[in-house]
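Using UniProt numbering, read the sequence shown as starting at 1 and increasing by one per residue. The beta-carbon is built from N, C-alpha and C at its ideal position, and this holds for glycine as well. All figures in this text were calculated on a predicted structure; none of them were measured in a lab. Report on the structure given below.
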Amino acid sequence: MIKLLVSDLDGTLIDKNKQVAPHDLEALKKLREHNVDICLASGRMDNEILEVAKVIGDQFHRVSQNGAFVITNEHVSLHSQTFEHELAKRLYESTCSDRNITIICSDNTNFVAQIDDVIRKIEERFFFPIKEESDMVKAIGKSLVPSKISVLSHHEEIVEMQKAIQDVFHEDVDTFVSEEGCLDIMPKNISKGNALLILLKRLQLDPEEIACIGDSFNDIPMFKLTPNSFAMSHGHEDVKKEASYVVETVSDAVKIILEKNARD
1 MIKLLVSDLD GTLIDKNKQV APHDLEALKK LREHNVDICL ASGRMDNEIL
51 EVAKVIGDQF HRVSQNGAFV ITNEHVSLHS QTFEHELAKR LYESTCSDRN
101 ITIICSDNTN FVAQIDDVIR KIEERFFFPI KEESDMVKAI GKSLVPSKIS
151 VLSHHEEIVE MQKAIQDVFH EDVDTFVSEE GCLDIMPKNI SKGNALLILL
201 KRLQLDPEEI ACIGDSFNDI PMFKLTPNSF AMSHGHEDVK KEASYVVETV
251 SDAVKIILEK NARD
């Protein structure tokens, strides 16, 4: 039987207005009624995942920043990973350009070199304000301890940036296109999939006992863990082909999960 559902947030459980659809809220309640546990796994920071949990009105296991942090529903930290300081400085310098925006995540806060109208528009998608740090390189290792570096640009620029970063830093980092126009750069071996292995060990679950749902490339590592994987229908074709099912909503996936459990 499936004992845990792992859900991505943006484009999966929450929309661009950071809202959860009523039918998905009801579906999560049904899972609870049938003793299925829930984990929220996102590229977002943990404090943002907690805000989503408040909206739903429940406590969840949490995988944040693409797997850099793993925390149980009882707020026990199982894993945390940040960049080595010199590596973070090199990465930041390599990603800075007039053609893109580089955001550094440190201690549940996003930082940029300069706040402007474009940043304020981007900020609307977050639950907490973006802060300004004019001398990012100097701050890294002192006031900033980066755990994720995100680059925002046109899709063509992001594709080129991902190749360039992988060519130079392939031994030290992993990269994910978390959504169109956004490249996430993570410490090596940090992924939602590896994070879930840590959580599964804690919960004493086998991969066959979980289901996962998402819509982006950073969800593929967790798709590969279990045969019970669901991709959102609006996702990229290369993402959808990695999942066992393609669904329109989280509630559609929950229906399949509950039907499978009833048969089992």
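Rounded distance between the beta-carbons of residue j and residue i, thought under 8 Å
i           : j    : result
V63         : L199 : 7 Å
L144        : I101 : So it is not a contact: roughly 17 Å between Cβ atoms.
M1          : D264 : 5 Å
A31         : V247 : Just to set this straight, residue 31 is Leu in the shown sequence, not Ala. The Cβ separation is near 15 Å, so there is no contact.
F176        : F217 : 5 Å
Q162        : C105 : Between C105 and Q162 the Cβ distance is about 18 Å, and since that is not below 8 Å, they are no contact.
L179        : F127 : The amino acid occupying residue 179 in the given sequence is Glu; Leu does not appear at that position. About 17 Å separates the two Cβ atoms, so there is no contact after all.
residue 267 : I38  : Nothing in the structure corresponds to residue 267, since the chain is present only between 1 and 264.
Secondary structure of residue i, DSSP reduced to three states
i           : result
residue 265 : The question about residue 265 has no answer, for the chain in this structure spans 1 to 264.
S143        : coil
H155        : helix
H23         : helix
M45         : coil
K3          : coil
V36         : coil
K138        : helix
L28         : helix
F169        : helix
K192        : helix
L13         : coil
E180        : coil
K148        : strand
Candidates the options, of which the one nearest residue i by Cα
i    : options                : result
P221 : N189, G235, E248       : N189
G43  : N35, I149, S77, K30    : I149
E93  : E160, R263, D135       : D135
Q59  : M45, E74, E48          : E74
L5   : F223, H236, G235       : F223
H234 : I38, T12, I158         : T12
F111 : A139, H236, K255       : A139
R99  : I158, L258, S178       : I158
R125 : Y245, D174, Q19, L50   : Q19
N261 : S244, A243, Y245, N228 : N228
S7   : F230, E33, K201, D46   : F230
E132 : K16, I103, L40         : I103
T109 : I119, K142, M45        : M45
E209 : I257, M186, Q166, H236 : I257
S147 : V70, D252, L40, D238   : V70
L196 : E33, A41, K3           : A41
T226 : P22, D252, C212        : C212
E160 : T95, V239, Y245        : T95
Exposure of residue i, with buried meaning 16 or more beta-carbon neighbours within 10 Å
i           : result
S80         : exposed
N194        : buried
A88         : buried
residue 279 : Given a span of 1 to 264 for the chain in the structure shown, any question on residue 279 remains unanswerable.
H61         : buried
G57         : exposed
D10         : buried
V250        : buried
D107        : exposed
N129        : According to the sequence as given, residue 129 is Pro; it is not Asn. By the neighbour-count rule (16 or more Cβ atoms within 10 Å), P129 is not buried but exposed.
K192        : buried
V76         : exposed
D116        : exposed
A243        : buried
A164        : exposed
V55         : exposed
V118        : exposed
D215        : buried
Checklist entry - Quick one: complete beta strand (DSSP E) runs, 3+ long, within the region 72 to 135? => result 77 to 80, 101 to 106, 109 to 112
Next on the checklist: Please give me, in chain order, every unbroken run of the alpha helix (DSSP H) with length at least 4 that falls completely inside the region 195 to 264.
Outcome noted: 220 to 223, 237 to 240, 250 to 263
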